[in-house]
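See below for the structure under consideration.
Residue numbers (the working numbering), protein chains in the order written: chain B, 2 to 311; chain W, 514 to 774.
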């Protein structure tokens with residue numbers, strides 16, 4: 002620290018003391034922040050990943066397609082990218098991108114037959130697909146069986162997760178007000194009316210399905226490189242339902258609904274733990290209660306609380 | 514192809530299980546006219562409209578639009594040729610506002626490419642402004658300009674029908690299929706619709722219309738086709754149709770009374 006030469010000595014020491022106090026305060030803040038991150042870093046990361054996964058399901062939901070296969074697409078992305086980095090030393094960004102692309106390719110292959118069916122039957126078919134993926138992961142030797150893949154290099158950072166989340170949210174917002182987004186919304190509202198308006202419903206349903214799978218695949222790749230270990234069970238039915246709950250609680254009328262839903266529902270159990278509620282079932286019960294209240298009183302989700310009243 | 518025919522049915526047949534909804538229906542719709550489709554309930558009018566818009570395939574026969582066979586095309590391809598429609602049991606996007614319904618109906622206008630929106634190009638804004646102005650014009654032509662931001666689900670019955678017509682007009686159709694467009698409307702609304710349809714036809718649009726309100730049909734239509742049990746009884750001017758004994762027997766009722774449908 003350089004002081005101006007013409008300052009009297011007393012003034013200099015006073016300035017020094019002031020600076021020292023400020024520095025100490027700042028250091029305390031940094032320590033507090035880094036302690037906070039050390040304690041809650043993994044929570045912050047997982048909340049971001051859950052939000053990204055919730056968005057991956059939001060895309061088909063916004064086109065009226067109830068898909069229960071997105072956890073499986075995340076699993077495909079996770080396994081593919083983990084295997085590429087571990088076995089072939091593919092650079093991390095490329096392996097994550099490859100995981101997303103492969104998930105999208107699988108979605109393209111199964112979308113054509115599966116998207117011909119509607120509503121609850123589509124949900125069942127995609128659920129069955131998810132089980133097929135899980136069973137494949139359990140039984141193949143390359144995926145490490147039921148024990149999963151161990152020793153995935155830790156490369157994912159919070160910045161990457163939230164960068165991906167921000168980019169996805171921006172893209173989906175632009176998409177919402179584009180021709181594609183209007184087509185999704187039209188199909189969701191009334192598929193027959195959408196058809197006679199000139200919307201190629203088959204094509205747009207497939208686009209939504211594939212785009213959702215791609216986002217899920219990316220999220221899966223990021224998850225694998227955050228976690229050291231991935232197992233087939235993590236991408237099963239309960240993970241899938243969890244994504245659906247994020248969307249229901251947050252609401253699917255805007256891009257921010259699923260993000261809000263995922264962040265809140267991931268944070269609440271931890272917040273309750275910090276508040277001294279240590280019984281696990283109780284903490285999950287609070288999430289269940291929130292889901293119930295939202296279904297009963299906010300059919301368009303928590304995000305409708307912030308939407309302007311018409 | 515007979516000159517001036519925009520739409521030609523050639524022996525169109527359609528069965529549902531054992532029921533022959535349409536058998537060998539043949540007639541033509543002159544360009545820039547209003548063509549009425551009348552007949553008792555279950556005579557196949559809506560099925561015929563579904564065949565035109567591609568929602569229901571024809572088992573046999575040919576359907577020509579502007580000289581081009583369209584009976585094997587999927588609905589969105591037919592719409593792309595310039596065919597728009599409304600539904601008897603109104604199919605609005607009830608979760609959207611009135612303006613949003615019409616905006617959704619502008620799909621084929623291609624005003625909102627993703628790429629432009631993603632990079633916030635100036636052209637995206639200009640195209641957006643233009644299509645918004647178009648959408649507002651459709652609403653005001655249909656007489657519901659004041660309800661722009663009202664949710665479609667909150668409209669009255671007559672307003673819903675008008676909104677559906679506004680949404681169909683957003684496609685800038687050459688052929689407009691209207692399935693009972695004035696059902697449930699009040700007299701003043703009917704008069705407004707009448708002048709709307711006349712002005713559309715004056716601007717070159719062709720209208721194929723199903724309607725049970727006989728005075729309205731007789732007043733408005735240039736030509737009328739009568740269907741009965743899936744067969745064409747006759748096609749002719751309103752005057753000819755009103756005179757035809759079989760029509761009076763089949764549709765208007767034995768003593769010439771109006772049949773409520």
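Quick reminder that beta carbons are idealized off the backbone N, C-alpha and C, glycines included.
Owing to the predicted nature of the structure, the values given are computational and were not obtained by experimental measurement.
**Message:** Given a cut-off of 7 Å on the beta-carbon distance, is the pair residue 584/W and residue 571/W in contact?
**Reply:** Along the second chain, one-based indexing puts residue 584/W at 71. Along the second chain, one-based indexing puts residue 571/W at 58. In contact: residue 584/W and residue 571/W (Cβ atoms closer than 7 Å).
**Message:** Does the CB of residue 757/W have a neighbour CB from chain B at under 7 Å?
**Reply:** The residue you call residue 757/W lines up with position 244 of the second chain. Taking 7 Å as the CB threshold, residue 757/W stays off the interface with chain B.
**Cβ-Cβ distance between residue 619/W and residue 665/W below 7 Å** = Here residue 619/W refers to the residue found at position 106 when the second chain is read from its first residue. Here residue 665/W refers to the residue found at position 152 when the second chain is read from its first residue. It is not a contact, given that the beta carbons lie outside the stated cut-off.
**Request:** Please decide whether residue 784/W counts as near chain B, where near means a Cβ-Cβ distance under 7 Å.
**Result:** A query on residue 784/W cannot be resolved here, the shown segment of chain W reaching from 514 to 774 and no further.
**Asked** So residue 561/W and residue 550/W are in contact, right, with Cβ under 8 Å, and what is the actual spacing, rounded?
**Response** Taking the first residue of the second chain as position 1, residue 561/W is located at position 48. Taking the first residue of the second chain as position 1, residue 550/W is located at position 37. Contact flag correct, Cβ pair sits at about 7 Å.
**Prompt:** Taking Cβ positions only, does residue 571/W come closer than 7 Å to chain B?
**Reply:** Working through the second chain from its first residue, we reach residue 571/W at position 58. For residue 571/W, the answer is no, since every Cβ of chain B falls outside 7 Å of its Cβ.
**Asked** Counting contacts by CB-CB distance shorter than 7 Å, is residue 620/W in contact with chain B?
**Response** On the second chain, residue 620/W is found 107 positions in, with the first residue counted as 1. Yes, because at least one Cβ of chain B sits closer than 7 Å to the Cβ of residue 620/W.
**Prompt:** residue 783/W bridges to which residues according to DSSP?
**Reply:** Any answer about residue 783/W is impossible in this case: the structure gives chain W only from 514 up to 774.
**Prompt:** Helix, strand or coil for residue 624/W per DSSP?
**Reply:** As a first step, residue 624/W is located in the second chain; it is residue number 111 there, counting from the start. In the structure shown, residue 624/W sits in coil (DSSP, three-state: anything other than H, G, I, E or B).
**Prompt:** Among all the DSSP beta bridges, which residues are the ones paired with residue 741/W?
**Reply:** By one-based count along the second chain, residue 741/W stands at place 228. DSSP lists 744/W as partners of residue 741/W.
**Asked** What is the DSSP secondary structure of residue 189/B, reduced to helix, strand or coil?
**Response** Within the first chain, the letter at position 188 stands for residue 189/B. Annotated three-state conformation of residue 189/B is helix, per DSSP.
**Request:** For the beta strand (DSSP E) containing residue 540/W, list its first residue and its last residue.
**Result:** In the second chain, the residue the question calls residue 540/W occupies position 27. Membership of residue 540/W in the beta strand (DSSP E) is indicated by the continuous run 532-543.
**Asked** What number of angstroms, rounded off, separates the C-alpha of residue 760/W from the C-alpha of residue 744/W?
**Response** By 1-based counting over the second chain, the position of residue 760/W is 247. By 1-based counting over the second chain, the position of residue 744/W is 231. Roughly 12 Å between the two C-alpha positions.
**Request:** Determine the contact status of residue 544/W and residue 580/W, defining contact as a CB-CB distance below 7 Å.
**Result:** What you label residue 544/W is simply residue 31 of the second chain in a count that begins at 1. What you label residue 580/W is simply residue 67 of the second chain in a count that begins at 1. Going by C-beta atoms, residue 544/W is not nearer than 7 Å to residue 580/W.
**Request:** Check whether the Cβ of residue 581/W lies closer than 7 Å to any Cβ atom in chain B.
**Result:** Working through the second chain from its first residue, we reach residue 581/W at position 68. With a threshold of 7 Å between beta carbons, residue 581/W makes no contact with chain B.
**Asked** Do you know whose CA, among 236/B, 284/B, 305/B, lies nearest residue 262/B's CA?
**Response** Along the first chain, one-based indexing puts residue 262/B at 261. Minimum Cα-Cα distance from residue 262/B among the listed residues 236/B, 284/B, 305/B corresponds to 305/B.
**Per-residue burial, residue 21/B [other beta carbons within 10 Å of its own, 16 or more giving buried]** = Against the first chain, residue 21/B aligns to sequence position 20. By the neighbour-count criterion, in which 16 or more other beta carbons inside 10 Å mark a residue as buried, residue 21/B falls on the exposed side.
**Request:** For residue 722/W, decide whether its Cβ has a neighbour in chain B, counting only Cβ atoms nearer than 7 Å.
**Result:** Numbered from its first residue, the second chain carries residue 722/W at position 209. Judged by the 7 Å Cβ criterion, residue 722/W is not in contact with chain B.
**Asked** In terms of alpha-carbon separation, which member of 170/B, 295/B, 37/B lies closest to residue 251/B?
**Response** The residue labelled residue 251/B in the question sits at position 250 within the first chain. The shortest Cα separation from residue 251/B among 170/B, 295/B, 37/B belongs to 295/B.
**Asked** Is there a Cβ from chain W that is less than 7 Å from the Cβ of residue 191/B?
**Response** Along the first chain, one-based indexing puts residue 191/B at 190. Residue 191/B counts as touching chain W.
**Asked** Where do the N-terminal and C-terminal ends of the beta strand (DSSP E) with residue 633/W fall, by residue?
**Response** Within the second chain, numbered from 1, the residue matching residue 633/W stands at position 120. Taken as a continuous stretch (DSSP letters only), residue 633/W belongs to no beta strand (DSSP E), as it is neither H nor E.
**Message:** For the region 290-307 of chain B, list every residue whose C-beta sits within 7 Å of some C-beta in chain W, in sequence order.
**Reply:** Of all residues in the region 290-307 of chain B, none comes within less than 7 Å of chain W when Cβ atoms are compared.
**Message:** Among 670/W, 565/W, 614/W, whose alpha-carbon lies nearest the alpha-carbon of residue 594/W?
**Reply:** On the second chain, residue 594/W is found 81 positions in, with the first residue counted as 1. Nearest to residue 594/W by alpha-carbon distance, out of 670/W, 565/W, 614/W, is 565/W.
**Request:** Please classify residue 564/W: does DSSP put it in a helix, a strand, or coil?
**Result:** To locate residue 564/W, count along the second chain from 1; it is residue 51. In this structure, DSSP gives residue 564/W a helical state, which the three-state scheme calls helix.
**Asked** Interface residues of chain W around residue 181/B at Cβ under 8 Å?
**Response** Taking the first chain and counting its residues from 1, one reaches residue 181/B at position 180. What residue 181/B touches in chain W, judged by beta-carbon distance under 8 Å, is 627, going in chain order.
**Asked** Given that a residue counts as buried once 16 or more other Cβ atoms are within 10 Å of its Cβ, and exposed if not, what is residue 169/B?
**Response** Within the first chain, the letter at position 168 stands for residue 169/B. Buried.
**Prompt:** Counting along the chain, where does the alpha helix (DSSP H) carrying residue 524/W start and finish?
**Reply:** Counting from 1 along the second chain, the entry for residue 524/W is found at position 11. Not the alpha helix (DSSP H): residue 524/W falls in the beta strand (DSSP E), residues 518-529.
**Message:** So, at 7 Å on beta carbons, what are the nonlocal neighbours of residue 686/W in its own chain, with the 5 sequence-adjacent residues on each side left out?
**Reply:** Here residue 686/W refers to the residue found at position 173 of the second chain. Cβ within range, chain order: 595, 596, 597, 718.
**Request:** Please state whether DSSP places residue 43/B in a helix, a strand or coil.
**Result:** By 1-based counting over the first chain, the position of residue 43/B is 42. In this structure, residue 43/B counts as helix in the three-state DSSP scheme.
**Asked** With a Cβ-Cβ cutoff of 7 Å, do residue 209/B and residue 105/B count as a contact?
**Response** Reading the first chain from its first residue, position 208 is the one you call residue 209/B. Reading the first chain from its first residue, position 104 is the one you call residue 105/B. Not in contact: residue 209/B and residue 105/B (Cβ atoms no closer than 7 Å).
**Proximal residues of chain W, C-beta to C-beta of residue 248/B below 9 Å** = Here residue 248/B refers to the residue found at position 247 when the first chain is read from its first residue. Result: empty, since nearest Cβ-Cβ is about 16 Å, beyond 9 Å.
**Asked** Between 714/W, 534/W, 720/W, which lies nearest to residue 693/W when the distance is taken from Cα to Cα?
**Response** In the second chain, the residue the question calls residue 693/W occupies position 180. When only C-alpha atoms are compared, the closest one is 720/W.
**Asked** Could you give the distance in angstroms between the alpha-carbon of residue 722/W and the alpha-carbon of residue 608/W?
**Response** Here residue 722/W refers to the residue found at position 209 of the second chain. Here residue 608/W refers to the residue found at position 95 of the second chain. Taking the straight line joining both Cα atoms gives about 28 Å.
**Message:** Taking 7 Å as the threshold (beta carbon to beta carbon), is residue 631/W in contact with chain B?
**Reply:** Counting from 1 along the second chain, the entry for residue 631/W is found at position 118. Chain B, which has a Cβ nearer than 7 Å to the Cβ of residue 631/W, makes this yes.
**Asked** Which word fits residue 125/B, buried or exposed, when buried means at least 16 other C-beta atoms lie within 10 angstroms of its C-beta?
**Response** Stepping through the first chain from its first residue, residue 125/B is reached at position 124. When all chains shown are included, residue 125/B counts as exposed.
**Message:** Any beta carbon from chain B within less than 7 Å of residue 646/W's own beta carbon?
**Reply:** Reading the second chain from its first residue, position 133 is the one you call residue 646/W. With 7 Å as the cut-off, residue 646/W does not count as an interface residue toward chain B.
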